[in-house]
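For reference, the structure is listed below as structure tokens.
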DNA sequence: GCAACTTTGTGCCTCCCTTCACAAAGTCGT
DNA sequence: ACGACTTTGTGAAGGGAGGCACAAAGTTGC
């Protein structure tokens with residue numbers, strides 16, 4: 007369910023605003039989906055709503071968090087200390103949502119040992135230890151395109167089965183490994199496509 | 007068609023490797039889709055393939071680029087010079103794919119005037135001028151969550167209709183404005199979900 | 001020039017996701 | 001305690017995207 011994080015985000019905002027109960031209509035609006043879809047999604051988790059009243063914000067938030075597996079922690083390592091890697095290392099968004107970045111790695115011996123955002127960059131060979139001793143379970147690939155598959159292979163070999171990839175390449179992995187790719191250029195190209203459609207529509211009907 | 011950028015990426019790689027012609031089977035493999043789907047997608051653009059031979063790599067690449075609107079340029083501005091904004095400003099991935107970052111902006115007067123990655127940070131009020139005189143057409147929101155809607159409103163008011171949003175919020179915009187949201191935490195949460203499913207599956211059948 | 005082979009383009013079918021609509025269930029006022 | 005009202009949960013309908021399979025078309029070898 008790719009929409010659960012969106013619901014959780016909306017619920018957290020409501021809880022911060024001190025709201026204790028919410029109807030499917032309101033929550034759906036806050037999450038940007040239809041109320042029927044929201045109810046169907048939530049019904050798959052179990053019946054946590056009360057008819058005539060709505061959903062208990064705190065209760066539902068913790069049920070969703072549990073369904074997403076956020077009750078345990080998922081230590082993260084970032085591979086590749088180029089521009090993007092350093093940026094991600096400095097980014098606080100991970101920690102704010104409960105993902106601890108426990109290591110920064112690079113394959114270049116000249117970068118290993120350098121300090122980035124208060125952490126010492128470690129060699130790729132440390133991966134096995136990190137997985138075994140520190141429970142490392144998520145790898146973030148922030149290398150250049152040509153190093154991404156190697157980085158991915160190293161992560162998989164060390165036992166990691168969740169990979170977040172920022173390189174604009176198609177990674178090949180065993181089927182029990184989950185990969186999510188975030189490609190900024192692809193996003194911009196999709197926006198360009200929409201922009202062009204707008205321009206064409208405008209030319210036809212000014 | 008959200009898959010066109012993927013095809014274009016694969017075609018560019020093939021062209022760099024000196025390959026002039028490709029079958030739907032091969033290209034589909036390189037882009038990570040089925041051959042039937044690839045052919046159906048391409049047939050919507052027009053018939054650029056030759057039966058018995060395949061597709062001309064250069065020709066198809068330029069047709070897709072045209073369909074995506076990449077023949078014209080789409081100047082980009084980045085709003086919000088926090089950690090993420092500075093990272094994106096330093097990132098070369100945009101320029102490599104033909105998107106020129108022409109301005110960096112921030113609403114904080116203490117940040118305006120500062121130099122970031124060789125560019126002077128400009129105030130939000132410059133947006134109108136940028137759109138009118140420099141053809142600015144894409145806005146990237148890299149502010150904190152609570153400033154994202156304001157930044158978005160400013161972009162829309164200046165006439166921008168393509169927005170790439172990195173803040174973990176649901177932006178409300180007029181319907182002729184295209185928004186794509188990239189939320190790193192959401193991606194990690196989805197990975198956590200898969201990771202948990204793996205762990206459960208393993209416990210059931212070790 | 002013809003036949004065998006390769007590969008595209010596409011009609012049809014299937015399946016999943018979304019939406020609609022309503023009955024079940026629980027609350028609140030009297 | 002009861003009836004009117006609100007809101008959930010879900011069965012049924014609708015739509016769209018992906019996969020299958022084959023005919024059309026073009027190439028290549030002889």
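Residue numbers (our numbering), protein chains in the order written: chain A, 7 to 212; chain B, 7 to 212.
Built from N, CA and C at the ideal position, the CB exists for glycine as well.
Proximity of chain B to residue 179(A) at the Cβ level (cut-off 7 Å) is not reached, the minimal Cβ distance being about 11 Å.
Interface flag for residue 50(A) against chain B is unset, since no Cβ pair is found closer than 9 Å. The Cβ atoms of residue 172(A) and residue 111(A) do not sit closer than 9 Å to each other. Across the segment 79-104 of chain A, CB contacts with chain B closer than 8 Å involve 80, 82, 89, 90, 92, 93, 94, 96, 97, 98, 99, 100, 102, 103, in sequence order along the chain. Residue 42(B) has its alpha-carbon roughly 40 Å from the corresponding atom of residue 103(A). Residue ranges of uninterrupted alpha helix (DSSP H) with 4 or more members, entirely inside the segment 50-106 of chain A and ordered along the chain, are 63-74, 89-96, 99-102. Under the three-pair Cβ rule at 8 Å, the segment 111-128 of chain B does not count as touching the segment 69-82 of chain B. Judged by DSSP secondary structure, residue 15(B) falls within the alpha helix (DSSP H) whose first and last residues are 10-22.
The beta-carbon distance between residue 157(B) and residue 85(B), rounded to whole angstroms, is 5 Å. This is short enough to meet the 8 Å contact definition. At a cut-off of 9 Å between beta carbons, residue 121(A) makes no contact with chain B. From the beta-carbon of residue 147(A), no residue of chain B is found nearer than 8 Å; the closest lies around 12 Å away. For residue 184(A), no alpha helix (DSSP H) segment is defined; the enclosing uninterrupted segment is the beta strand (DSSP E) at 184-187. Cβ neighbours of residue 137(A) within its own chain (closer than 7 Å, five residues either side excluded): 164, 165, 166. Within the segment 180-209 of chain A, contact with chain B at the beta-carbon level (separation under 7 Å) is assigned to 182, 184, 186, 188, 190, 191, 192, 193, 194, 195, 196, 197, 198, 199, 200, 201, 202, 204. Within chain B, no residue has its CB atom less than 9 Å from the CB of residue 17(A), the nearest being about 13 Å off. Rounded to the nearest whole angstrom, the CA to CA distance from residue 194(B) to residue 149(A) is 18 Å. Under the Cβ criterion of 9 Å, residue 175(B) is counted among the residues facing chain A.
Chain B places no beta carbon closer than 9 Å to that of residue 153(A), leaving this residue out of the contacts.
For residue 143(A), there is no enclosing alpha helix (DSSP H), as DSSP marks it with neither H nor E. If you draw a straight line from the Cα of residue 45(B) to the Cα of residue 66(A), it is about 44 Å long. Contact annotation: residue 122(A) and residue 87(A) have beta-carbon atoms nearer than 9 Å.
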